[in-house]
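Report on one structure; see the data block that follows.
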Amino acid sequence: MPDLPTPQDVTEAALFSESWDAVLSYADLCTSGSAAGRQLATEAFSRGVREARADEPPARGGRRTPRLPGVPLLLTAVRTTAEAWEAEGTGHRLDPDLRLWLHSGQAARYTGPPLQRPLALRALKDMHEADAALLWLVEVEALPLPDAARRLGLDPPAASVELTEVRGLFRDRCRRNHLDTPMDAECRSYARLLDAVTRSSGAETPEDLSRHLATCVECAEAAACLRLHGGETAAALASGVIGWGGLAYLERRRRAAEAGLSGGRTDAGADRGVAVGAEARPRIGRAGILAAAVIVSGLALTVSLMQLGDSDGRTTAGGDVGDSRRAADQGPAVPSLGPVTGDATVGASPTARPSRSADATKSPDSDAEPQGKSTSPVADPPGVPEPDKAAPAPCRVRYHVDSEWSNGFQATVTVTTAGALDGWSVGWTFGNGQRITQMWDGTFAQGGSRVTARAAAYNKEVAANGTFAFGFLSSWHDNNAVPSRFTVNGLRCSTAG
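Numbered per the numbering used here, the sequence shown spans residues 753 to 1249.
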């Protein structure tokens, strides 16, 4: 399975954080398997970054080449990468319907003469990049307007007015491009009438124009781009810019937004502690923490007394207190996903698949304190039991920093578990105030220095002696020591050497 793209600087890291889930979602639609989808997304991201850098104007002035904003630029890179696969003889890894489409006249429209390309694609390129990005994020990615505004550095209270103006600009660019398009006499005769009918939500479409739109693909496409009041803008953008699978991608993004899984950063440089699309949970006050600690301590004391009274003289070993879903005498298998305490903030992950296992680690012992300058050791949260020193750890963790820059880094966590899992929750403690900003192949919660990563819907099942992995982006300052106290479903793990 291919490695994830490695950001080379802060700009690429931000683009990766904001766009990776979208790129992977569309690549998944375009391929016939999970490994192929990940490879297509990785190659497309690298291709899109190269294209973006090539289109940058010279340092001393110069005119910028019209281009799409970040997310749609990378999505079109997925399509062009798929075309390259087909041309290079590896098209068997693509979706069969996509392969048919690539050899049709429809695909040629996206790379043919500019005046024959889809109207929405031409109009979006003609707009200012920030305006085009706002329109795409709201209409296609279904990002809440305040979040889209913050991501682009706009004033959230004024974003509604801004969006209305941007929609008007998009319609104006579509109208101009439609009039510039080579058309036959019949289409030309309906051009001005089509413009007039689509300006108002209450205008009725004449019968002869309706018949023409039912038979003319180009004019129907223009009507969808020009009509701002029927909810057709999103479909026109997705189909016109992405091409094959545009409507399916649009539906995926809407479902992800409804489920709170619309990934990416909304605040560039500001750590809100909450991932995009996820509803923030109220932070737990000091009194609440103390009360929870008293309750958990009481439960622990009760369980200890019950164990001492066991007639066989044995103690039970298992997951967190109160986790009764797996009996303690089932051997060394790790219990299913159990409750994890101490969660203060919740992050959402993009739709992705497991990444390849990392091949290195920085710490030979998970119980060792982080090296370098660090804050005072943080005690394990209630419910994380001490391991039985005589028994082997039920899990092994590899922690690898893939890349690091001035104020951030990308890391991969790979876990091997002795027992089969039907859901997993991995916890660890940072020692230098690191804050996770984005995670893939899992969701995250961070309360202070303690982090909990939970399984996504597609990778929660793990076979005995199986391996799973997830990755994340995080900020760091001064030092970036290896975290400690790794756990899986509440049980302490060893770190692989």
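Ideal Cβ placement from N, Cα and C applies to all residues, glycine included.
Could you tell me which of the options sits nearest to residue i, measuring between CA atoms?
i, options, result
"VAL1240", "THR1189, TRP1228, TRP1192, THR1181", "THR1181"
"TYR1151", "SER1158, VAL1167, SER912, LEU897", "VAL1167"
"CYS735", "ILE994, PRO934, ALA872, ALA839", "Since the first residue shown for the chain is 753 and the last is 1249, residue 735 is missing from the structure and cannot be characterised."
"ALA1233", "ALA1163, ALA1208, ALA1221, GLY1199", "ALA1163"
"GLN858", "PRO1144, ASP1174, GLY997", "GLY997"
"ALA1215", "VAL1203, PHE1224, GLY1175, GLN1198", "GLY1175"
"GLU914", "LEU886, CYS939, ASP899, ASP878", "LEU886"
"ARG1006", "SER777, GLY995, GLY954, VAL1165", "SER777"
"VAL775", "PRO848, ARG819, TYR1001", "TYR1001"
"TYR942", "GLY1242, GLY954, ARG963, GLY1179", "ARG963"
"THR967", "CYS939, ARG799, ALA955, VAL949", "CYS939"
List the whole-angstrom C-beta distance separating residue i from residue j, where the pair is believed to meet the contact cut-off of C-beta under 8 angstroms.
i, j, result
"PRO757", "THR794", "5 angstroms"
"GLN1186", "SER1155", "Contact flag wrong, Cβ pair sits at about 15 angstroms."
"LEU826", "ALA796", "6 angstroms"
"GLY1218", "THR1169", "6 angstroms"
"GLY1194", "ALA1208", "6 angstroms"
"THR1204", "ALA1197", "5 angstroms"
"LEU921", "ARG903", "The Cβ separation is near 19 angstroms, so there is no contact."
"GLU891", "THR985", "5 angstroms"
For residue i, collect the residues of the same chain with a Cβ closer than 7 angstroms to its Cβ; drop the 5 residues on either side in sequence, then sort them by chain order.
i, result
"ARG923", "LEU978, LEU980"
"LEU999", "ALA987, ALA990, SER991"
"ARG861", "GLN868, ARG869, PRO870"
"LEU965", "CYS971, ALA972, ALA975"
"THR957", "VAL949"
For residue i, is the classification buried or exposed, using 16 other Cβ atoms within 10 angstroms of its Cβ as the cut-off for buried?
i, result
"GLY1160", "buried"
"ALA910", "exposed"
"SER1201", "buried"
"VAL969", "exposed"
"TYR1210", "exposed"
"SER1177", "buried"
"ALA1011", "exposed"
"GLU917", "exposed"
"ASP936", "exposed"
"ASP736", "This structure gives no information on residue 736, because the portion of the chain shown stretches from 753 to 1249."
"GLU770", "buried"
"PRO1235", "buried"
"GLY954", "exposed"
"GLY1242", "buried"
"ARG1206", "buried"
"THR1247", "buried"
"ASP907", "exposed"
"ASN849", "The amino acid occupying residue 849 in the given sequence is Asp; Asn does not appear at that position. ASP849 should be labelled exposed."
"ALA806", "exposed"
"VAL1136", "Confidence in VAL1136 is poor, its pLDDT being 47 and thus under 50, which makes the residue's placement too unreliable to answer from."
Among residues of its own chain, excluding the 5 on either side of residue i, which ones have a beta-carbon nearer than 6 angstroms to its beta-carbon?
i, result
"ALA884", "PRO821, LEU876"
"ASP780", "GLY789"
"GLY843", "TRP837, ARG851"
"THR799", "For the sequence presented, residue 799 should be read as Arg rather than Thr. Closer than 6 angstroms at the Cβ level, and outside the excluded window around ARG799, lie ALA829, THR833."
"TRP853", "ALA859, TRP996"
Measure the CB-CB distance between residue i and residue j and report whether it falls below 8 angstroms.
i, j, result
"ALA894", "ALA990", "no"
"ALA765", "TRP1192", "no"
"LEU1145", "ARG1244", "Note that residue 1145 is Ala in the sequence shown, not Leu. Yes, the pair counts as a contact, with Cβ atoms nearer than the cut-off."
"ALA946", "LEU931", "Checking the sequence, you will find Leu at residue 946 rather than Ala. Cβ distance not < 8 angstroms, so LEU946 and LEU931 don't count as in contact."
"GLU803", "ALA829", "yes"
"ARG845", "ASN929", "no"
"ALA834", "CYS782", "yes"
"ARG851", "GLY995", "no"
"PHE1238", "VAL1149", "yes"
"PRO818", "ASP878", "yes"
Does any CB atom of chain C fall closer than 8 angstroms to the CB of residue i?
i, result
"TYR862", "Looking at the structure shown, chain C is missing, and only one protein chain is on hand."
So, for residue i: in the same chain, excluding its five sequence neighbours on each side, which residues have a beta-carbon less than 8 angstroms away from its beta-carbon?
i, result
"SER912", "LEU897"
"VAL1046", "In this prediction, VAL1046 scores a pLDDT of 46, lower than 50, which makes its location untrustworthy; no coordinate-derived value is stated."
"HIS1229", "ASN1159, ASN1184, GLY1185"
"GLY785", "ARG845"
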